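**Student:**
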Ligand SMILES: [Fe+2]
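Residue numbers (our numbering): 44 to 368.
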């Protein structure tokens with residue numbers, strides 16, 4: 044028997060090999076499986092006036108669409124089977140100059156439903172490679188905005204409007220959905236510092252069944268005035284839910300000034316205002332990974348205040364999605 048047969052691998056080498064194997068498997072999952080694990084988040088929120096009828100709102104965000112994202116297009120199109128009363132799109136639809144037709148293929152079956160939208164940075168400008176460490180260490184005013192080339196957001200806007208969706212960029216108005224009056228308002232993208240809340244400031248219609256605000260990035264400087272003006276609910280995207288979450292710890296970053304605990308799902312922002320942040324359906328094409336944070340759309344059932352059971356703060360439940368891959 045040769046001496047080599049008796050040679051033992053050191054514990055350190057075995058641990059190193061095991062760590063490398065786990066790391067490779069995790070990366071393979073985060074890059075190859077989770078980004079297409081389409082998931083429907085559902086939540087019930089007691090935000091309507093007490094005499095209102097329940098309202099089903101489908102919240103879509105951060106598609107970051109490339110023309111070849113056919114699985115995403117099929118799954119999003121299938122969401123029309125949910126028959127929502129209202130669709131809200133909180134921006135970052137595009138990741139490529141030629142992706143407008145792909146976004147319209149995805150949203151086509153939903154464009155016949157009343158819809159509201161605002162845009163995010165990834166509607167106005169294409170993606171660029173970025174150092175991931177900047178998300179951990181650059182905050183607030185210190186964050187440098189890195190833009191790619193302009194994207195054809197005007198074409199997307201025109202198509203949405205042609206189908207009857209309402210652009211809420213610095214607009215405050217009332218609409219009728221399922222026979223009920225809603226007071227709605229939105230701001231341009233705070234991530235790009237395009238927000239001008241003063242353009243929509245003021246108390247929304249008190250006789251409305253719901254006072255709804257929308258913004259791409261859930262910056263506290265926008266959420267606070269929505270709350271003080273008397274809004275019931277604000278919908279936002281942008282955070283991607285943290286995109287790479289640590290089990291037991293949650294999101295490490297929100298890419299804005301929102302606290303990490305609110306990176307996705309529902310929470311109370313103030314005594315009377317709820318916030319729902321979508322983890323979105325895409326990623327930058329230069330960081331196409333997700334972990335413990337599958338791509339999601341949200342179906343929110345809005346019910347009158349005082350209804351039971353009320354949604355828990357930060358609590359939402361997932362189901363396995365509705366099936367198309
Ligand atoms: Fe995004």
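Don't be surprised by glycine CBs; every beta carbon is placed ideally from N, CA and C. All values derive from a computational prediction rather than experimental measurement.
Are there 16 or more other CB atoms within 10 angstroms of the CB of residue 302, so buried, or fewer, so exposed?
**Tutor:** By the 10 Å Cβ count, residue 302 comes out exposed.
**Student:** Give me every residue whose Cβ sits closer than 5 Å to any heavy atom of ligand 1, in chain order.
**Tutor:** Working through the chain, the matches are 105 and 135.
**Student:** Using CA atoms only, rank isn't needed, just tell me which of 167, 304 and 299 is closest to residue 292.
**Tutor:** Out of 167, 304 and 299, 304 has the C-alpha closest to the C-alpha of residue 292.
**Student:** When DSSP builds the beta bridges, which residues end up paired with residue 316?
**Tutor:** None, per the DSSP bridge assignment.
**Student:** Going by alpha carbons, who is nearest to residue 264 out of 167, 231 and 349?
**Tutor:** The shortest Cα separation from residue 264 among 167, 231 and 349 belongs to 231.
**Student:** With DSSP run on the structure shown, which of helix, strand or coil describes residue 350?
**Tutor:** Three-state result, residue 350: coil.
**Student:** Who are the near neighbours of residue 272 in its chain, counting only those whose CB is closer than 7 Å to its CB and skipping five residues on each side?
**Tutor:** Cβ within range, chain order: 244, 245, 246 and 247.
**Student:** Is the beta carbon of residue 342 closer than 8 Å to that of residue 83?
**Tutor:** Their beta carbons are under 8 Å apart, which means residue 83 touches residue 342 by this criterion.
**Student:** How far does the beta strand (DSSP E) with residue 131 in it extend, from its first residue to its last?
**Tutor:** Element bounds for residue 131: 129-132.
**Student:** Which value, in whole angstroms, describes the spacing of the CA atoms of residue 78 and residue 324?
**Tutor:** Their Cα atoms are separated by approximately 8 Å.
**Student:** May I ask you to report which of helix, strand or coil DSSP gives residue 173?
**Tutor:** Coil at residue 173, not helix or strand.
**Student:** Quick test of your reading: residue 322 and residue 283, contact by CB under 8 Å. State the CB separation rounded to the nearest angstrom.
**Tutor:** Confirmed, Cβ separation roughly 6 Å.
**Student:** Within 10 Å of its beta-carbon, does residue 351 have 16 or more other beta-carbons around it, so buried, or fewer, so exposed?
**Tutor:** Counting Cβ neighbours within 10 Å, residue 351 comes out exposed, since fewer than 16 surround it.
**Student:** Candidates 346, 329 and 344: which alpha carbon is nearest residue 74's?
**Tutor:** The shortest Cα separation from residue 74 among 346, 329 and 344 belongs to 329.
**Student:** Would residue 122 pass as a contact of residue 279 if the rule is Cβ separation under 8 Å?
**Tutor:** Against a cut-off of 8 Å, the Cβ pair of residue 279 and residue 122 comes out as no contact.
**Student:** Quick check for students: name the residue ranges of the beta strand (DSSP E) that lie wholly in the region 200-270, counting only runs of 3 or more.
**Tutor:** Runs of the beta strand (DSSP E) inside the region 200-270: 214-220, 223-229 and 253-257.
**Student:** Could you check the C-alpha separation between residue 67 and residue 80 for me, to the nearest Å?
**Tutor:** Answer to the nearest angstrom: the Cα atoms are 19 Å apart.
**Student:** Of all the options 118, 103 and 311, which has the alpha carbon lying nearest to the alpha carbon of residue 133?
**Tutor:** Measuring from the Cα of residue 133, the nearest candidate turns out to be 103.
**Student:** Around the Cβ of residue 149, are there at least 16 other Cβ atoms within 10 angstroms (buried) or fewer (exposed)?
**Tutor:** Label assigned to residue 149: buried.
**Student:** Specify, as a first and last residue, the run of the beta strand (DSSP E) that residue 273 falls within.
**Tutor:** Looking at the DSSP string, residue 273 is not in any beta strand (DSSP E), and its letter there is neither H nor E.
**Student:** Among the residues of its own chain, which have a CB less than 6 Å from the CB of residue 354, if the five just before and after it don't count?
**Tutor:** For residue 354, the predicted model reports a pLDDT of 47, less than 50, meaning its position is unreliable; a value from the coordinates is still stated below. Contacts found: 86, 87, 88 and 309.
**Student:** Considering only the alpha carbon of each residue, which of 124, 224 and 144 lies closest to residue 197?
**Tutor:** Selected option, being the one with the closest Cα: 144.
**Student:** So the alpha helix (DSSP H) residue 56 belongs to, where does it begin and stop?
**Tutor:** Residue 56 -> alpha helix (DSSP H) spans 54-75.
**Student:** Judging by CA-CA distance, which residue of 97, 136, 63 and 162 is the nearest neighbour of residue 257?
**Tutor:** Comparing Cα-Cα distances from residue 257 to each of 97, 136, 63 and 162, the minimum goes to 162.
**Student:** With burial defined as no fewer than 16 other Cβ atoms inside 10 Å of the residue's Cβ, what is the status of residue 294: buried or exposed?
**Tutor:** Under this definition residue 294 is a buried residue.
**Student:** May I ask you to list the residues that DSSP assigns as paired with residue 279?
**Tutor:** Residue 279 is bridged to 320.
**Student:** Could you check the C-alpha separation between residue 120 and residue 157 for me, to the nearest Å?
**Tutor:** Roughly 15 Å between the two C-alpha positions.
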